[in-house]
Amino acid sequence: MVRTTPARPLDITELFPELREHSTTATRLHPRPGAPTVADSSVGGPLLWPADEVWPVCDDAGAHEPYNLTTPAAVRRRREILATAQAREPLPGGDFLTAEERAELDAADALDLDDLIEDRIPLVPVAQLYRQDIPDYAGPDGTDLLQVLWCPVDHSDRHYSPRVFLYWRDSSAVGPLLEAPPEPLVISDMYLPVPCVVHPEQVREYQYADLLPDDLRERLAEWDDDEDDSRPHYQTDLSLAPGWKVGGYANWSLTDPYPMDCAACGTAMTLIFTVDSGDWNGMHCSWRPSEENPTASPDTVGVQIGRGYSLYTFRCPESFDHPPATAMQ
1 MVRTTPARPL DITELFPELR EHSTTATRLH PRPGAPTVAD SSVGGPLLWP
51 ADEVWPVCDD AGAHEPYNLT TPAAVRRRRE ILATAQAREP LPGGDFLTAE
101 ERAELDAADA LDLDDLIEDR IPLVPVAQLY RQDIPDYAGP DGTDLLQVLW
151 CPVDHSDRHY SPRVFLYWRD SSAVGPLLEA PPEPLVISDM YLPVPCVVHP
201 EQVREYQYAD LLPDDLRERL AEWDDDEDDS RPHYQTDLSL APGWKVGGYA
251 NWSLTDPYPM DCAACGTAMT LIFTVDSGDW NGMHCSWRPS EENPTASPDT
301 VGVQIGRGYS LYTFRCPESF DHPPATAMQ
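Quick note, the sequence shown lines up with residues 1 to 329 if you use full-length UniProt numbering.
What follows is the structure, encoded as structure tokens:
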């Protein structure tokens, strides 16, 4: 099923035509649980990975933090137990879980895995994006595939979020495939995506308000401060789409905007990929796809960034070989 963002409550450029000069497109991915293959664009799905290419690991053990540690198998089992509990009739006495289920989850929570973060940790697939599916795909000439992976534990040098790695490929040049990529022995319970198919949709975004020219920002703020709470607001309803995205602009609502400059050359970096804790904001549902059940949860991937934030990945416009940078907002 396609996913379609409802039309914005109003066209903000009719009131502020200058915003057209501060706009860009983004591709909302709308990931939903499914069974993607290596030939599909996906979130948390299998990657088209060459058999003769070593699976990458994170060797930055000094930055690994022992927060919410568990195993991939324990995360998957927890999801199975909770899905079973949600689908059945209430238990006698109103309990959500059986005694056996609760004991199994408690045992998983009691695992002592802290020592494992001192080792090299195999990366976890986050997304695979084919150019043909993603209008806002950006990659080196001769590539048609972007693969996003991360180290699935918190890193102290990345504001306690995962370390992200980007790989671009020419899919036609990939020969025999790696059939069973190594899986980490330890992960954070928040960083293992549910395998999802994607429903790409291109939308128009407008720059975060504090990064607009002073005069325009001030007039927008005055308009936004109107006491009519029923009217849409620039930041929440009109400018930046929530959810997993390619391209677009970052939302700096957790902190003031700060420079994202390339560590290799100092060039201002460009947003390439967004991981979000939900496909839409539960309090501001104007971005919920029209096809979605109003009672559906916006958490479709099982990933949480901080306390429900987003993780933005930036690339250097001077060279795709320069390392990416991330910001949690």
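Note that CB positions come from ideal geometry on N, CA and C, so glycine has one too.
Hey, how far is the Cα of residue i from the Cα of residue j?
| i | j | result |
| --- | --- | --- |
| F273 | G93 | 46 angstroms |
| P324 | F314 | 6 angstroms |
| D154 | R120 | 14 angstroms |
| D11 | E21 | 15 angstroms |
| A61 | R158 | 13 angstroms |
| W55 | I134 | 25 angstroms |
| P50 | L177 | 5 angstroms |
| F96 | E80 | 14 angstroms |
| L19 | H233 | 15 angstroms |
| L240 | T300 | 19 angstroms |
| V174 | E53 | 10 angstroms |
Please tell me whether residue i and residue j are closer than 9 angstroms, where the distance is taken between their beta carbons.
| i | j | result |
| --- | --- | --- |
| L105 | R78 | yes |
| R3 | H199 | yes |
| Q128 | P36 | yes |
| A327 | Y249 | no |
| L149 | F165 | yes |
| S171 | A63 | no |
| H30 | P289 | yes |
| P152 | L192 | yes |
| S286 | D228 | no |
Is residue i helix, strand or coil when you go by DSSP?
| i | result |
| --- | --- |
| G93 | helix |
| W287 | helix |
| S230 | coil |
| L149 | strand |
| A296 | coil |
| S156 | helix |
| S23 | strand |
| Q128 | strand |
| R307 | coil |
| G302 | coil |
| G247 | strand |
Hey, quick one: how far does the alpha helix (DSSP H) through residue i stretch, first residue to last?
| i | result |
| --- | --- |
| E218 | 214-224 |
| L311 | Looking at the DSSP string, L311 is not in any alpha helix (DSSP H); the run it does join, the beta strand (DSSP E), is 310-315. |
| P72 | 72-87 |
Taking the alpha carbon of residue i as the point to measure from, which residue in the options has its own alpha carbon closest?
| i | options | result |
| --- | --- | --- |
| L254 | S310, P298, Q304, E179 | S310 |
| D276 | T267, T295, M260, K245 | K245 |
| A83 | G302, Q329, C316 | G302 |
| residue 330 | L15, A85, E318 | Missing from the structure shown is residue 330; the chain here goes from 1 to 329 and no further. |
| Y312 | H322, G243, C285, N281 | G243 |
| G142 | D189, W168, A39 | W168 |
| E183 | A85, A26, I305, P72 | P72 |
| T25 | R163, D136, Y67, E101 | D136 |
| D210 | G139, N251, E118 | N251 |
| D112 | S188, C262, R131 | S188 |
| R219 | L47, M1, F16 | F16 |
| R131 | R32, T5, D321, D40 | D40 |
Would you say residue i lies against chain D (beta-carbon separation less than 9 angstroms)?
| i | result |
| --- | --- |
| H322 | The chain labelled as chain D is not found in the depicted structure, where only one protein chain is given. |
Just to confirm the assignment, what range does the beta strand (DSSP E) spanning residue i have?
| i | result |
| --- | --- |
| R204 | 201-206 |
| R120 | Here R120 belongs to no beta strand (DSSP E), and DSSP marks it neither H nor E. |
| I272 | 270-276 |
| T13 | Run containing T13: none in the beta strand (DSSP E); it sits in the alpha helix (DSSP H), 12-15. |
| A99 | Looking at the DSSP string, A99 is not in any beta strand (DSSP E); the run it does join, the alpha helix (DSSP H), is 99-109. |
| L177 | Where L177 is concerned, there is no enclosing beta strand (DSSP E), given that its DSSP letter is neither H nor E. |
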